[in-house]
Amino acid sequence: MPSLLDSPVLDAILGRGDLAHLALFLWATGASAVAVLLLRELGAANRRFDAFVRELHLFNARVSGRE
């Protein structure tokens, strides 16, 4: 398996002097990965909060005698 530094794509980019494009691509890839991870964590936090609110509703219903 060739290493990332021996990649023909990387050689072509560096040969043309498009280092800024490579840096921009790497930044965009990293930022997109972070955004996906943050959205996944936000979804998990939302599910945990929903479960908490449901349990709180059940508790309040039991205490007030409605259930």
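My numbering runs 1 ahead of the 1-based position in the sequence shown. Positions of the beta carbon are idealized from the N, C-alpha and C atoms, including for glycine.
As assigned by DSSP and simplified to three states, the class of residue i
i: SER8; result: coil
i: GLY18; result: coil
i: GLY66; result: coil
Min CB distance residue i to chain D below 8 Å
i: PHE26; result: Of the chains in the structure shown, none is chain D; there is only one protein chain.
Same chain, Cβ closer than 7 Å to residue i, five either side skipped, listed in chain order
i: LEU25; result: none
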